[in-house]
Structure formats: C-alpha cells, structure tokens
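Data first, discussion second: the structure below is written as structure tokens.
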Amino acid sequence: MKIVIVGSGAIGSLYGAFLSRYKDNEIILVGRNPHVAAIQSHGLKIEGVLGEHLFHLKAINHAREVSKADLVIVTTKTYDTVTAARSARHLIDAGAHVLLIQNGLGTEEMVAKELDTTKVLRATTCMGALHDSPGVVRVTGCGLTEIGSRFAENYTLVEELSNMFKEVGFDVKSSENIEGVVWTKTLVNCGINPVGALTGLTNGEVYNNKGLRGLVVTLVNEAVQVVKALGIELTTDDPVRYALGTAKATGDNINSMLQDIRAGKRTEIDAITGEVIRLAKEFGLDTPSSESVYALVKAIESKYLDNGEAASESDIFEIEELVRTVTTS
Ligand code: PAF
Numbered sequence: 037m038k039i040v041i042v043g044s045g046a047i048g049s050l051y052g053a054f055l056s057r058y059k060d061n062e063i064i065l066v067g068r069n070p071h072v073a074a075i076q077s078h079g080l081k082i083e084g085v086l087g088e089h090l091f092h093l094k095a096i097n098h099a100r101e102v103s104k105a106d107l108v109i110v111t112t113k114t115y116d117t118v119t120a121a122r123s124a125r126h127l128i129d130a131g132a133h134v135l136l137i138q139n140g141l142g143t144e145e146m147v148a149k150e151l152d153t154t155k156v157l158r159a160t161t162c163m164g165a166l167h168d169s170p171g172v173v174r175v176t177g178c179g180l181t182e183i184g185s186r187f188a189e190n191y192t193l194v195e196e197l198s199n200m201f202k203e204v205g206f207d208v209k210s211s212e213n214i215e216g217v218v219w220t221k222t223l224v225n226c227g228i229n230p231v232g233a234l235t236g237l238t239n240g241e242v243y244n245n246k247g248l249r250g251l252v253v254t255l256v257n258e259a260v261q262v263v264k265a266l267g268i269e270l271t272t273d274d275p276v277r278y279a280l281g282t283a284k285a286t287g288d289n290i291n292s293m294l295q296d297i298r299a300g301k302r303t304e305i306d307a308i309t310g311e312v313i314r315l316a317k318e319f320g321l322d323t324p325s326s327e328s329v330y331a332l333v334k335a336i337e338s339k340y341l342d343n344g345e346a347a348s349e350s351d352i353f354e355i356e357e358l359v360r361t362v363t364t365s
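For the sequence shown, position 94 matches number 130 in my numbering, and the numbering has no gaps at all.
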C-alpha cells in the first residue's frame, strides 16, 4: 500500500516508521523542516520503550509532491485537520481513503464535508511519543490504537488496516462504534490533559496526586453528562476508572497538551474540553470545573500565541464570564 502521512510529527512518524515494515508498503512522510530535512539526511531514529531503530523513509514538505496513494493518514493537530485534508484532496479525489489518527471531536465530519467524501476512517491512539530533536522520536508509552469509520462501506478497509497495524507491532482494535471510541478517548483527554498541562506534571504524577486525581474524576464526570445527553454508547462501563487507568498506564507520558504548551504551540483544548462545554450548554448542563480548566489553558496559550488568538478564537463564552468562572470556583 502507498501511504502518505500528512502531519508527520512524533505520532505520524512513529506509525509511518513501523508501517514501512509491512509487506511492500511504501511510506511517505509529509511534515515540516527541520524534522523532514533531518530524516532526508540521516534517516528517522525511533528510541524509547520500543527500542532503538533507524528507518530510511521518504520525507517531503508537501502532499502535492505525490500524485497517487492508497491511503492518506492525517496526524496533525485537530485545528489543522481541514487544511491537511485539503492539501491531500488530489490524492483522495484520485481514489485514496483518509484515516485520521487524532485526539478530539468532530474531525471526521469536517473532513467528509470539506472533501465531499465518505472515504473517511478514524482512529484514536494511546501511544505516547515525543519529538526529541529533528529526525528523532522518543516513544514514551504504548497503548491501544482503535480504528473505525462512521461509514459502513469502509469496514472492510478498517479490518485490513487493523491487521496491518497489528502485524507491525501495535496493539489494535477495530470498532463499528467509532463515535463511542472517540468519546471514550475524549473523556480520558478531558480528564488528564488540562490537569497535566496546567500543573506541568506527567500522567503518572497527576495520577499519584490525590487532589489532582479528584479533579480528573470531576472533569470526566462533567463530560459523561454530555455523553449521556447525546445517547452515545461508550466503550467502557466505567469511564472514570478508565481515565485513571490510562493515566497510570501512561505514567511517564507528558500529555500532548502539556507538550504543546512547552513548545509554545496552540493546544487542542477547543476540540476536547471546549467541545464538551459547548455541547453541555446546548443541553443546559453545568460544567464548572471544565470551564475553569478551559479558561486557564486558554489564558496560558494567550501569553505566547500571536494576536491574542487563544483568547479570542472561541466564541463559547465571553471573557468576563471566563474570569468569573475561574475566580469563583
Ligand atoms: O493526549 C495524550 O497525551 C494522550 O491521548 C493520553 C492518552 C492522555 C496519554 O498521554
């Protein structure tokens, strides 16, 4: 299979590297310099809990440099999904399917609408990976990858890809309830990510701190109310236990939101906690702790993002209301 990975940061490079070991797969990483330039000159080094490996893969800066593919994997941040999908439109129009491996809610619908296609698959991942330096990815934890699609016609491909990911060493499950999978993962992210991001602590340190563990529980429970209102069937009977179990199992991980803050990058808080708050408001539900952590993460982002983007981008609620929420909770 010819697979183009758009948004090849740590996670995209990790999947691309191992998928290159499957049969006659041809992998092309699409990413930014200096990572791409380093891969072109010295190869891609994977280190950490999966051991040390050097992969010689094709790496480029633009999807337009490729004219045909079987699969486009998008591993960008949620807010870059549509731009990434547009950049690969010619490949999808020419027959490729697109698989989104991301955190956050709503990206499949966005891509399906933007590209006017049902060839959209979705995966969630609990793999932990960091960009140590250009051309080097450190794997910090191994967790489940779940693959599915909202469009039943893609189920055969879902099974084929699940087998491929399994063959190269990932722990994988396929699912016909991808909405439930994505929401289950989002509950984990709602609980762990802002708490780690605001405290600077690893997932394990959050888990080991009684007060923070309590906050994780509250955040997950607030999001569960929305899940119930939407009538979504989760993939776990006990989302709180599942979120805490993930924090413990990925103890050494610096969660992706904390990594973004440390790198001075925009976080995915809007597609995670922000989306929960937005939906909760539609159902008349209260999410005070979620609103507080949301406001705090946005405040941190606004210190380093240009043009006050972090503070102004969301229309969820007025800034005064945010400040009131933080100061009264
Ligand atoms: O966003 C992340 O970092 C991950 O989804 C998870 C599972 C919270 C592990 O760090």
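Cβ coordinates follow ideal geometry from the N, Cα and C atoms, glycine included.
Since we're looking at a predicted model, the values are computed, not measured.
- Within the same chain, no Cβ atom closer than 6 Å to the Cβ of Ser77 is found once the five residues on either side in sequence are excluded.
- Between the segment 90 to 107 and the segment 124 to 138 there are three or more C-beta pairs closer than 8 Å, enough to call the two in contact.
- Pairing Lys38 with Gly247, the inter-Cα distance amounts to about 48 Å.
- Secondary structure of Glu83 (DSSP, three-state): strand.
- The ligand PAF approaches Asn289 closely enough that one of its heavy atoms is under 7 Å from the residue's Cβ.
- The beta carbon of Val256 sits closer than 7 Å to those of Leu223, Cys226, Gly227, Pro275, Val276, Ala279, all from its chain and outside the five residues before and after it, given in chain order.
- Leu157 is not a Cβ neighbour of Ser198, given a cutoff of 8 Å.
- When secondary structure is reduced to three states using DSSP, Ala105 falls in the coil class, being assigned neither helix nor strand.
- For Ala259 against Val312, the beta-carbon gap comes to about 5 Å, under 8 Å, which counts as contact.
- For the alpha helix (DSSP H) assignment, the uninterrupted runs of no fewer than 4 residues enclosed by the segment 233 to 315 are, from N- to C-terminal side, 239 to 244, 246 to 266, 275 to 285, 292 to 298.
- With contacts defined as CB atoms closer than 8 Å, Pro230 and Met293 qualify as a contacting pair.
- Rounded to the nearest whole angstrom, the C-alpha separation of Ala335 and Asn244 is 26 Å.
- Counting along the chain, Asp168 sits inside the beta strand (DSSP E) bounded by residues 164 to 169.
- Rounded to the nearest angstrom, the Cβ distance from Ala46 to Leu65 is 12 Å, too far for a contact under 8 Å.
- Counting along the chain, Val118 sits inside the alpha helix (DSSP H) bounded by residues 117 to 123.
- For His133, the enclosing beta strand (DSSP E) begins and ends at 133 to 137.
- At a cut-off of 7 Å, the beta-carbon of Thr286 counts as near the ligand PAF: some heavy atom of the ligand is closer than that.
- Between Leu90 and Gly79 the beta-carbon gap is near 5 Å, inside 8 Å, which marks them as a contact.
- Within the chosen limit of 7 Å, the ligand PAF does not reach the beta carbon of Cys178 with any heavy atom.
- The C-beta of Thr220 has 16 or more other C-beta atoms within 10 Å across all chains shown, which makes the residue buried.
- Between the ligand PAF and Ser49, a heavy atom-to-CB distance of less than 7 Å is absent.
- If you compare the alpha carbons of Val262, Gly179, Val208, Gly142 with that of Asp322, the shortest gap goes to Val262.
- Taking a cut-off of 8 Å for Cβ pairs, the segment 111 to 123 and the segment 195 to 214 do not touch, as fewer than three such pairs fall below it.
- Scanning Gly300, Glu337, Thr309, Lys301 for the CA closest to the CA of Val252 turns up Thr309.
- The segment 164 to 180 and the segment 288 to 302 touch, with three or more beta-carbon pairs separated by less than 8 Å.
- Ala121 is not a Cβ neighbour of Leu93, given a cutoff of 8 Å.
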